[in-house]
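Heads up: the structure comes next, in structure tokens.
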């Protein structure tokens, strides 16, 4: 029988505490050091295969693709992005590591997952096609990003350039959908337009899995569901929810919940059809049970760590420079990023990513993964 909820909660609190120690102790270490120091990799990784990893989607998995897009409306290769990354800022929308960095750590990769279109791309490791701002629709942030479909075309070219390379043992990671809904929620369409996107958005994600499966015969996929969209700082601010006590914008959270339910059902069907190690990463469960829950290690749950204001009160987003009175002003970083859920207006901190990836790798609880974690899939 399953453990009681109280027992599970105590175990998760203990694991989260260990993982947050891991985050603070490895921030300035080199890749090899951080890998050996990672607590949830202490079980010998020599018994775990080391497949290639390919990432598709949006800013949650973007390791620098946005840097390659001249027309991008936002970039993260400027300070203070990457302030806690082992190397200089490379285009990750975070203060440090993303979940994809931590996942490749645990898999045992010898280097970080490099973005596609990198001249020195190490093909043996895999690559990330994910681009900040991307959605399943080609018109989402058009001319400022590469859509999911465009990324799949990039993969086809990648495979063609490496004739004879097999991809059937690779792990394919997809995180997309957030920007489809934010484009509507924060635009003229509003909540109704966003709600109407659930079917088409989840269909596009399911189709991407099937396309990659048919192309590569790979059976190992990780698909992220959506975080609570109404708790994203940009959404809260747009809806006038300024203070932490104002909470989240619940209509957007409901849209995310509808998406996640529809996505789970579609992935169940694909899994039953033969993609046996298709993992749904319930990022929503991570946010609800580890990051935003009362009593968690995160004392700042809804406010960005990186933000600022000009002397006249104009808000400054992370990485932005605002001119006022002949002077330039930039955002500042909070004193304890490790206790903040959000790094900027849209993206989690490294500490939050550590907590999320910990359950993605280790957990076999339906609160976080379905049907099991990545570690078990690779054993």
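In the working numbering, the protein residues as written are 1163 to 1541.
Think of the CB as a built atom: it goes at the ideal place given N, C-alpha and C, for glycine as much as any other residue.
**Asked** Considering only residues of the segment 1438 to 1509, which uninterrupted alpha helix (DSSP H) runs meet the minimum length of 4 residues and lie entirely inside it, listed in chain order?
**Response** 1445 to 1448
**Asked** What span of residues does the alpha helix (DSSP H) with residue 1261 cover, start to end?
**Response** 1261 to 1269
**Request:** Since I believe residue 1217 is in contact with residue 1290 (beta carbons under 8 Å), could you give me their beta-carbon distance rounded to a whole number of angstroms?
**Result:** 4 Å
**Asked** According to DSSP, is residue 1296 helix, strand or coil?
**Response** coil
**Request:** Out of 1497, 1539, 1353 and 1315, point me to the one whose CA is closest to residue 1401's CA.
**Result:** 1353
**Message:** What residue range does the alpha helix (DSSP H) around residue 1386 cover?
**Reply:** No alpha helix (DSSP H) contains residue 1386, which is instead part of the beta strand (DSSP E) from 1382 to 1386.
**Asked** Which two residues bound the contiguous beta strand (DSSP E) that contains residue 1337?
**Response** 1333 to 1337
**Message:** If the criterion is Cβ atoms closer than 9 Å, does the pair residue 1459 and residue 1408 meet it?
**Reply:** no
**Nearest neighbour of residue 1336, chosen from 1480, 1313, 1432 and 1301 [CA to CA]** = 1313
**Request:** Mind the definition here: the segment 1307 to 1321 touches the segment 1348 to 1365 only if three or more C-beta pairs lie below 8 Å; say whether that holds.
**Result:** no
**Asked** Any contact of the segment 1432 to 1446 with the segment 1481 to 1499, i.e. 3+ C-beta pairs under 8 Å?
**Response** no
**Prompt:** From 1246, 1269 and 1515, pick the residue whose C-alpha is nearest to that of residue 1541; which is it?
**Reply:** 1269
**Asked** In its own chain, which residues sit with a C-beta less than 7 Å from the C-beta of residue 1544, not counting the 5 before and 5 after it?
**Response** Outside the displayed range of the chain (1163 to 1541) lies residue 1544, so it cannot be described from this structure.
**Request:** Note the first and the last residue of the continuous alpha helix (DSSP H) segment covering residue 1352.
**Result:** 1352 to 1357
**Message:** By DSSP's criteria, residue 1216 is part of a beta bridge. Which residues make up the other side?
**Reply:** 1289 and 1334
**Message:** Less than 8 Å separating the Cβ of residue 1357 from some heavy atom of the ligand FAD?
**Reply:** Of the ligands one can find in the structure shown there are none, so the ligand FAD has no counterpart to examine.
**Asked** Taking the alpha-carbon positions, what's the residue 1343 to residue 1507 distance?
**Response** 15 Å
**Item:** Counted within 10 angstroms of its Cβ, other Cβ atoms place residue 1292 as buried (16 or more) or exposed
**Value:** buried
**Message:** Among 1520, 1532, 1254 and 1502, whose alpha-carbon lies nearest the alpha-carbon of residue 1223?
**Reply:** 1254
**Message:** Quick check: what's the CA-CA separation for residue 1347 versus residue 1247?
**Reply:** 32 Å
**Asked** Which residues in the same chain have their Cβ closer than 6 Å to the Cβ of residue 1534, if we skip the five residues on either side of it in sequence?
**Response** 1526
**Item:** Minimum length 4: unbroken alpha helix (DSSP H) runs contained in the segment 1356 to 1380
**Value:** 1360 to 1378
**Prompt:** Grouping DSSP H, G and I as helix and E and B as strand, with all else coil, what is residue 1433?
**Reply:** helix
**Message:** Measuring only the C-alpha atoms, how far is residue 1169 from residue 1374?
**Reply:** Bear in mind that a pLDDT of 35 at residue 1169, under 50, signals an unreliable position, so the model cannot answer this.
**Prompt:** Where residue 1371 and residue 1387 are concerned, what is the direct C-alpha to C-alpha distance, given to the nearest angstrom?
**Reply:** 14 Å
**Item:** alpha helix (DSSP H) segment containing residue 1342, residue limits
**Value:** 1340 to 1347
**Opening and closing residue of the alpha helix (DSSP H) in which residue 1537 lies** = 1536 to 1540
**Item:** DSSP state of residue 1531 mapped onto helix, strand, coil
**Value:** strand
**Request:** With a 10 Å radius around its C-beta and 16 neighbouring C-beta atoms as the bar for buried, classify residue 1326 as buried or exposed.
**Result:** exposed
**Chain-order list of residues whose beta-carbon lies under 8 Å from that of residue 1365 (same chain, five-residue window excluded)** = 1428
**Message:** Quick check: residue 1510 and residue 1464, are their CB atoms within less than 9 Å of each other?
**Reply:** no
**residue 1277, DSSP secondary structure in three states** = strand
**Prompt:** Measuring CB to CB, does residue 1442 end up less than 9 Å from residue 1532?
**Reply:** yes
**Message:** Quick check on DSSP: helix, strand or coil for residue 1240?
**Reply:** coil
**Prompt:** Whole alpha helix (DSSP H) runs in the segment 1300 to 1326 with 4 or more residues, listed along the chain?
**Reply:** 1310 to 1323
**Asked** Which residues in the same chain as residue 1264 place their Cβ atom closer than 7 Å to its Cβ, once the five residues preceding and following it in sequence are excluded?
**Response** 1515, 1516 and 1519
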